[in-house]
Every structure is written in C-alpha cells, then in structure tokens.
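A.B. asks: Provided herewith is a single structure, encoded as structure tokens, for subsequent inquiry.
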Amino acid sequence: MIEFVPVNLWGIGTAVLAAWVVAGLWYSPLLFIRPWAEMSGVDGAKFAAGLRRAIAVDLASFAVMAFILDQVLHAWGALTIVSTVLCTFLLWLGFVAVTLLHSVTYEHRPLRYYAINAGYRLVSMVAMGVILTVLR
Numbered sequence: 002m003i004e005f006v007p008v009n010l011w012g013i014g015t016a017v018l019a020a021w022v023v024a025g026l027w028y029s030p031l032l033f034i035r036p037w038a039e040m041s042g043v044d045g046a047k048f049a050a051g052l053r054r055a056i057a058v059d060l061a062s063f064a065v066m067a068f069i070l071d072q073v074l075h076a077w078g079a080l081t082i083v084s085t086v087l088c089t090f091l092l093w094l095g096f097v098a099v100t101l102l103h104s105v106t107y108e109h110r111p112l113r114y115y116a117i118n119a120g121y122r123l124v125s126m127v128a129m130g131v132i133l134t135v136l137r
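To convert, note that position 38 of the sequence shown is 39 in our numbering; the numbers rise steadily by one, no gaps.
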C-alpha cells in the first residue's frame, strides 16, 4: 500500500528555489542560452515575450516534481546523499532522459540540444533531491 509522508514545506520550497536557480544559470549567457536558442529557434523577442508565463509554469512544475520526488525518496528509503543521488539519477534516466529523446528522433534536433535539456533536468533533479534529503 502506498502511504504519503507528511509534506515538508520548507524542503519543497527550498527545492523549488534551487531548481529555479539552476534553470536561471543553465539557460543564461554564462552557460547554454545561446546554443539552446539557436537550436530551438526561439529568438530573444519570442523568449522575452513568454518569460513571465514560462517562469510561473516552471515554478508550478518544480513544486509538483519536488513533492513527488520527496515521496519517492521516502518510499525508496533514501536517507543519505549517495542513495538520494542514485535514486534521483534512476528516476531521471527512466522517465526524463528517455522522454526527451523525441527531440532528437522526431524533431530532428541535434544531440547537443538533447544534452542541454536533459543535463539541465538531471542537475535540477539532483539538487532538489539532495535538498529534500538534507532538510528532512
């Protein structure tokens, strides 16, 4: 039987903030915004026009992801950073990495585009998982 554990609002909130910071850095001029924008076909004006909505959707999706990740980490029994990173990596590999492959196979985008997006999801999920474990 599946039992939900109590929600740790501080952990969820901090994990959401961490994912948002990772997103801001990952898709910034410091890292990957230029190649991502070129390969996605999203120019600066189009990007800026939808930014407020995109941030709102991101924050909501981060909250859902953090809540589910917290529940799965508890169910897995991930009590250490190592077990958390392993569990998070397996979730990313089984559900995120394989799902994002369609951008290469169906959308005919370069493997580098996939690597940028999948890498971002891996880093943000691991950051969230570590925070959720530390703030338990």
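Even for Gly, the Cβ is constructed at its ideal location relative to N, Cα and C.
Suppose only complete runs of 4+ residues qualify. What are the alpha helix (DSSP H) ranges in the region 2-69, listed by chain order?
C.D. replies: As far as the region 2-69 is concerned, its whole alpha helix (DSSP H) runs of at least 4 residues are 10-27, 34-41, 45-50.
A.B. asks: Rounded to whole angstroms, what's the CA-CA distance from residue 80 to residue 74? Just pull it up for me.
C.D. replies: Distance between the alpha carbons of residue 80 and residue 74: 8 Å.
A.B. asks: Relative to the alpha-carbon of residue 28, which residue among 125, 133, 129 has its alpha-carbon at the smallest distance?
C.D. replies: Out of 125, 133, 129, 125 has the C-alpha closest to the C-alpha of residue 28.
A.B. asks: Could you work out which residue in 23, 52, 64, 90 is closest to residue 13 when comparing CA atoms only?
C.D. replies: When only C-alpha atoms are compared, the closest one is 64.
A.B. asks: From which residue to which residue does the alpha helix (DSSP H) around residue 109 run?
C.D. replies: It is not in any alpha helix (DSSP H) - residue 109 carries neither H nor E in the DSSP assignment.
A.B. asks: Give the straight-line distance between the Cα atoms of residue 130 and residue 107, rounded to the nearest whole angstrom.
C.D. replies: Computed Cα separation, rounded: 31 Å.
A.B. asks: Would residue 114 and residue 41 be called neighbours here (beta carbons separated by less than 8 Å)?
C.D. replies: A contact, by the Cβ cut-off of 8 Å.
A.B. asks: If you draw a straight line from the alpha carbon of residue 132 to that of residue 43, how long is it in whole angstroms?
C.D. replies: About 32 Å.
A.B. asks: Taking C-alpha atoms, which residue in 24, 46, 10 lies nearest to residue 120?
C.D. replies: Taking only the C-alpha atoms, the option nearest residue 120 is 24.
A.B. asks: Given this structure, state the Cα-to-Cα distance separating residue 6 from residue 110, to the nearest angstrom.
C.D. replies: Each residue's alpha carbon lies about 40 Å from the other.
A.B. asks: Identify, in the order they occur along the chain, each residue of the same chain with its Cβ nearer than 7 Å to the Cβ of residue 33, setting aside the five sequence neighbours on each side.
C.D. replies: Taken in chain order, the residues that qualify are 27, 117.
A.B. asks: Exposed or buried, what is residue 122 when buried is set at 16 or more other beta-carbons lying within 10 Å of its beta-carbon?
C.D. replies: Burial call: buried.
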